[in-house]
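J.: Just so you know, we're using full-length UniProt numbering here: the sequence shown kicks off at 1 and counts up by one.
Note that beta-carbon positions come from the ideal geometry of N, C-alpha and C, so glycine has one too.
Before anything else, here's the structure in question.
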Amino acid sequence: MSTATADTTTLQPDGVLRDHAEEGRHETLLPPPRVQNHAANLTMLPDGSLACVWFSGTQEGVADISVWFSRLPAGETVWTQPVQMSDDSTRSEQNPVLHVRDGGEVWLLWTSQHAGNQDTARVQRRISNDGGNTWGPVHTMVAETPHAGVFIRQPLTVLPSGRLLLPIFYCVRTPGEKWVGNRDYSAVLISDDDGSTWREVVVPDSIGCVHMNIGRFSDGTLVALFRSRWADSIYRSVSTDDGESWSAPQPTELPNNNSSIQFVVLPDDRLALVYNHSSAADATDRRLSLYDEIDDDGLAEGAQQPVTPEPSAIDADARTAFWGAPRAPMTLAISRDGGLTWPVRRTVEDGDGYCLSNNSRDALNRELSYPSICVDGQTLHVAFTRFRQAIEYVGLDNSWVYGSAT
Numbered sequence: 001m002s003t004a005t006a007d008t009t010t011l012q013p014d015g016v017l018r019d020h021a022e023e024g025r026h027e028t029l030l031p032p033p034r035v036q037n038h039a040a041n042l043t044m045l046p047d048g049s050l051a052c053v054w055f056s057g058t059q060e061g062v063a064d065i066s067v068w069f070s071r072l073p074a075g076e077t078v079w080t081q082p083v084q085m086s087d088d089s090t091r092s093e094q095n096p097v098l099h100v101r102d103g104g105e106v107w108l109l110w111t112s113q114h115a116g117n118q119d120t121a122r123v124q125r126r127i128s129n130d131g132g133n134t135w136g137p138v139h140t141m142v143a144e145t146p147h148a149g150v151f152i153r154q155p156l157t158v159l160p161s162g163r164l165l166l167p168i169f170y171c172v173r174t175p176g177e178k179w180v181g182n183r184d185y186s187a188v189l190i191s192d193d194d195g196s197t198w199r200e201v202v203v204p205d206s207i208g209c210v211h212m213n214i215g216r217f218s219d220g221t222l223v224a225l226f227r228s229r230w231a232d233s234i235y236r237s238v239s240t241d242d243g244e245s246w247s248a249p250q251p252t253e254l255p256n257n258n259s260s261i262q263f264v265v266l267p268d269d270r271l272a273l274v275y276n277h278s279s280a281a282d283a284t285d286r287r288l289s290l291y292d293e294i295d296d297d298g299l300a301e302g303a304q305q306p307v308t309p310e311p312s313a314i315d316a317d318a319r320t321a322f323w324g325a326p327r328a329p330m331t332l333a334i335s336r337d338g339g340l341t342w343p344v345r346r347t348v349e350d351g352d353g354y355c356l357s358n359n360s361r362d363a364l365n366r367e368l369s370y371p372s373i374c375v376d377g378q379t380l381h382v383a384f385t386r387f388r389q390a391i392e393y394v395g396l397d398n399s400w401v402y403g404s405a406t
């Protein structure tokens, strides 16, 4: 693949791949369909093209947020113009995920919630039978529960037996309080009949651990990494029985800022992880939640000042979610021991990571966040949110990953 050569200090939102000054790297900004763009997920499609889905609209949590889809055709150097994939005028539609199946079938899953209330979320799905070219109708795949909304962020995992593992997390409803994430926990939905029925396995002691991302090693061991609502560390759990049970999540040596992460298992069982190397220890300001600028009718007029949340009135001893840690730098890390240590770390993109405002109209947000990663041959494909204004795509070859690793 050849790409244009240009100074990419200022990226252009045109979807055209350009070589970076650093060897083994090329990048672009996908064309943004709306003012805010966030939560990308990458997948290789059956025809060899690279697909990206994300949500776009006025502001996260508002009912005009919907799912968009773009692809980089195999051998091409320009991403296609985004296509809108969902359009529920009463709900905010977020966190899309693509799942490729045998025979050219592709699932598109996403969350759907009222206003900024994640505790009302359900999981929606559309199915394509021709590799993502045309799509069937929208239907509810996982309904919300009486006590919590159901959220997704990470891809499904398919085991050699055909078993499907869908990691979810529950946004727990506390009576009399607006959701802020204090009691969220993780679970895995398991299907042994090709997705016709599902049963649930709760991850023990996982309160505060969300965005569960599952990978499988060649010996059959499953490893999961989690985002932390406490903004302290990335957490890790394992399963040795195909997801029937999981160890209680334990903190790793890597920090987390209460923002999303994602990893992929490489063919030699190395893990390649993208994340923000940041935590609450790096924060100088705080906010209640990413939805504190949204009222029940949509956008509020101005951003609320950063505040420190109080413990739940229901459980005075409960830990509280930490919001406002910097969402930067965007870092790539490599582990050779199943995620216990991460000796290779490289900065993909840097900045101050300011994210105390979720208002994209005034371009105040400078976060580099919510990364996605997949592998194709010798190339790591990475996509992430750039300032909530566009999705940045970066292709990284081994020469970049290991050229000046620390």
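List the whole-angstrom C-beta distance separating LEU222 from LEU189, where the pair is believed to meet the contact cut-off of C-beta under 8 Å.
T.: The count along the sequence shown starts at 1 and reaches residue 222 at position 222. The count along the sequence shown starts at 1 and reaches residue 189 at position 189. About 14 Å; that fails the 8 Å criterion.
J.: Note down, in chain order, each residue of its chain lying with its Cβ closer than 7 Å to the Cβ of ASP350, except the 5 sequence neighbours on either side.
T.: Against the sequence shown, residue 350 aligns to sequence position 350. Same-chain partners within the cutoff: ALA328, PRO329.
J.: Let me check understanding here. Comparing Cα to Cα, which of PRO326, THR157, PHE55 lies closest to GLN84?
T.: Taking the sequence shown and counting its residues from 1, the one referred to as residue 84 is at position 84. When only C-alpha atoms are compared, the closest one is PHE55.
J.: How should PHE69 be labelled, buried or exposed, when 16 other C-beta atoms within 10 angstroms of its C-beta is the threshold for buried?
T.: Working through the sequence shown from its first residue, we reach residue 69 at position 69. PHE69 comes out buried.
J.: Please report the residue range of the beta strand (DSSP E) in which SER49 lies.
T.: One-based indexing of the sequence shown puts residue 49 at position 49. Counting along the chain, SER49 falls outside any beta strand (DSSP E), and DSSP gives it neither H nor E.
J.: Name the two residues that bound the continuous alpha helix (DSSP H) containing ASN398.
T.: On the sequence shown, position 398 is the one that residue 398 refers to. Counting along the chain, the alpha helix (DSSP H) containing ASN398 begins and ends at 398–401.
J.: For PRO137, count neighbouring Cβ atoms within 10 angstroms of its own Cβ and tell me buried if that reaches 16, exposed if not.
T.: Counted from its first residue, the sequence shown places residue 137 at position 137. PRO137 is exposed by the Cβ-count criterion.
J.: Can you grab the Cα-Cα spacing for the pair TRP271 / MET44, in whole Å?
T.: In the sequence shown, the residue the question calls residue 271 occupies position 271. In the sequence shown, the residue the question calls residue 44 occupies position 44. Correcting the residue type first, residue 271 is Leu in the shown sequence and not Trp. Distance between the alpha carbons of LEU271 and MET44 is about 18 Å.
J.: Are the beta-carbon atoms of ARG227 and ASN258 separated by less than 8 Å?
T.: As a working mapping, residue 227 is identified with position 227 in the sequence shown. As a working mapping, residue 258 is identified with position 258 in the sequence shown. Yes; because the gap between Cβ atoms is below 8 Å, this pair is in contact.
J.: Could you check whether ARG18 and HIS26 sit closer than 8 Å to each other, using their CB atoms as the reference points?
T.: Counting from one through the sequence shown, the residue named residue 26 turns up at place 26. Counting from one through the sequence shown, the residue named residue 18 turns up at place 18. The answer is yes: Cβ separation under 8 Å.
J.: In angstroms, rounded to a whole number, what distance separates the CA positions of GLN12 and PRO146?
T.: Stepping through the sequence shown from its first residue, residue 12 is reached at position 12. Stepping through the sequence shown from its first residue, residue 146 is reached at position 146. Using only the alpha carbons, I get a separation of about 45 Å.
J.: What runs of the beta strand (DSSP E), each 3 residues or longer, lie entirely inside the stretch 153–178?
T.: 164–172
J.: Using the Cβ count rule (16 or more neighbours within 10 Å means buried), how would you classify VAL202?
T.: In the sequence shown, the residue the question calls residue 202 occupies position 202. So VAL202 counts as exposed.
J.: Under 7 Å Cβ to Cβ from GLU144, same chain only, skipping five residues before and after it: list those, please.
T.: As a working mapping, residue 144 is identified with position 144 in the sequence shown. THR120, ALA121, ARG122, VAL150.
J.: Flag this pair as yes or no: are the beta carbons of GLN59 and GLN94 separated by less than 8 Å?
T.: Translated into positions along the sequence shown, residue 59 becomes position 59. Translated into positions along the sequence shown, residue 94 becomes position 94. No, Cβ-Cβ distance for GLN59 and GLN94 is not below 8 Å.
J.: For TYR402, count neighbouring C-beta atoms within 10 Å of its own C-beta (all shown protein chains included) and say buried if the count is 16 or more, exposed if not.
T.: Numbered from its first residue, the sequence shown carries residue 402 at position 402. When all chains shown are included, TYR402 counts as exposed.
J.: Under a Cβ-count criterion, where at least 16 other Cβ atoms within 10 Å of its own Cβ denotes burial, should THR111 be classed as buried or exposed?
T.: The residue given as residue 111 occupies position 111 in the sequence shown. Buried, because 16 or more other Cβ atoms sit within 10 Å of the Cβ of THR111.
J.: Within the same chain, show all residues whose beta-carbon is closer than 6 Å to that of ILE391, passing over the 5 residues directly before and after it, in chain order.
T.: Start at 1 with the first residue of the sequence shown, and residue 391 comes out as number 391. Excluding residues within five positions, the ones whose Cβ falls inside 6 Å are LEU30, ASN37, ALA40, TRP54, ALA383.
J.: What's the gap between the Cα of ASP193 and the Cα of ASN133?
T.: Counting from one through the sequence shown, the residue named residue 193 turns up at place 193. Counting from one through the sequence shown, the residue named residue 133 turns up at place 133. Going by the C-alpha atoms only, they are around 26 Å apart.
J.: Are there 16 or more other CB atoms within 10 angstroms of the CB of ILE314, so buried, or fewer, so exposed?
T.: Translated into the one-based positions of the sequence shown, residue 314 becomes position 314. With a pLDDT of 35 at ILE314, under the threshold of 50, the modelled position of this residue cannot be trusted, and the question is left open.
J.: Apply the 10 Å Cβ neighbour rule to HIS381 and answer buried if 16 or more other Cβ atoms are within range, or exposed otherwise.
T.: The residue you call residue 381 lines up with position 381 of the sequence shown. Flag for HIS381 reads buried.
J.: Please return the same chain residues whose Cβ sits closer than 6 Å to the Cβ of PRO155, not counting the five positions on each side in sequence.
T.: Here residue 155 refers to the residue found at position 155 when the sequence shown is read from its first residue. Excluding residues within five positions, the ones whose Cβ falls inside 6 Å are VAL97.
J.: Using a threshold of 8 Å, state whether the C-beta atoms of ASP205 and ALA148 are closer than that.
T.: As a first step, residue 205 is located in the sequence shown; it is residue number 205 there, counting from the start. As a first step, residue 148 is located in the sequence shown; it is residue number 148 there, counting from the start. No, the pair does not count as a contact, with Cβ atoms beyond the cut-off.
J.: When burial is assigned at 16 or more other CB atoms within 10 Å of the CB, is PRO326 buried or exposed?
T.: Start at 1 with the first residue of the sequence shown, and residue 326 comes out as number 326. Buried, by the Cβ-count rule.
J.: On the DSSP bridge list, what partners appear for PRO255?
T.: Here residue 255 refers to the residue found at position 255 of the sequence shown. Note: PRO255 sits in a beta bridge opposite SER233.
J.: Taking the alpha-carbon of VAL348 as reference, which of THR331, SER335, ALA283, TYR354 has the nearest alpha-carbon?
T.: For the purposes of this step, residue 348 is identified with residue 348 of the sequence shown, where counting begins at 1. Measuring from the Cα of VAL348, the nearest candidate turns out to be THR331.
J.: Assuming GLU253 and TRP342 form a contact by the criterion Cβ under 8 Å, report the distance between their Cβ atoms to the nearest whole angstrom.
T.: Against the sequence shown, residue 253 aligns to sequence position 253. Against the sequence shown, residue 342 aligns to sequence position 342. The distance from the Cβ of GLU253 to that of TRP342 is about 7 Å, consistent with a contact at the 8 Å cut-off.
J.: Measuring CA to CA, which of TRP79, GLY15, GLU22, ALA51 is closest to TRP400?
T.: In the sequence shown, residue 400 corresponds to position 400, counting from 1. For TRP400, the closest alpha carbon among the candidates TRP79, GLY15, GLU22, ALA51 is that of GLU22.
J.: Please state whether DSSP places ALA115 in a helix, a strand or coil.
T.: Locating residue 115 in the sequence shown gives position 115, counting from the first residue. If DSSP states are grouped into helix, strand and coil, ALA115 belongs with coil.
J.: For LEU364 and LEU396, what's the separation of their Cα atoms in angstroms?
T.: Walking along the sequence shown from the start, residue 364 turns up at place 364. Walking along the sequence shown from the start, residue 396 turns up at place 396. Rounded to the nearest angstrom, the two C-alpha atoms are 29 Å apart.
J.: Could you tell me which residues DSSP puts in a beta bridge with PHE322?
T.: Mapped onto the sequence shown, residue 322 falls at position 322. Partner(s): none; PHE322 has no beta bridge.
J.: Using CA coordinates, which residue listed in VAL394, HIS99, ASP87 is at the minimum distance from LEU164?
T.: Mapped onto the sequence shown, residue 164 falls at position 164. Per the Cα distances, HIS99.
J.: First and last residue of the beta strand (DSSP E) that includes THR140?
T.: Reading the sequence shown from its first residue, position 140 is the one you call residue 140. Where THR140 is concerned, the enclosing beta strand (DSSP E) stretches over 139–142.
J.: How big is the Cα-Cα spacing for TRP246 and SER186?
T.: Stepping through the sequence shown from its first residue, residue 246 is reached at position 246. Stepping through the sequence shown from its first residue, residue 186 is reached at position 186. When rounded, the distance between both Cα atoms is 11 Å.
J.: At which residues does the beta strand (DSSP E) containing HIS147 begin and terminate?
T.: Position 147 of the sequence shown holds residue 147. First-last for HIS147: undefined, no H or E at that position.
J.: So GLN262 is in the beta strand (DSSP E); what residue range does that whole segment cover?
T.: The residue given as residue 262 occupies position 262 in the sequence shown. Run containing GLN262: 262–265, per the beta strand (DSSP E) assignment.
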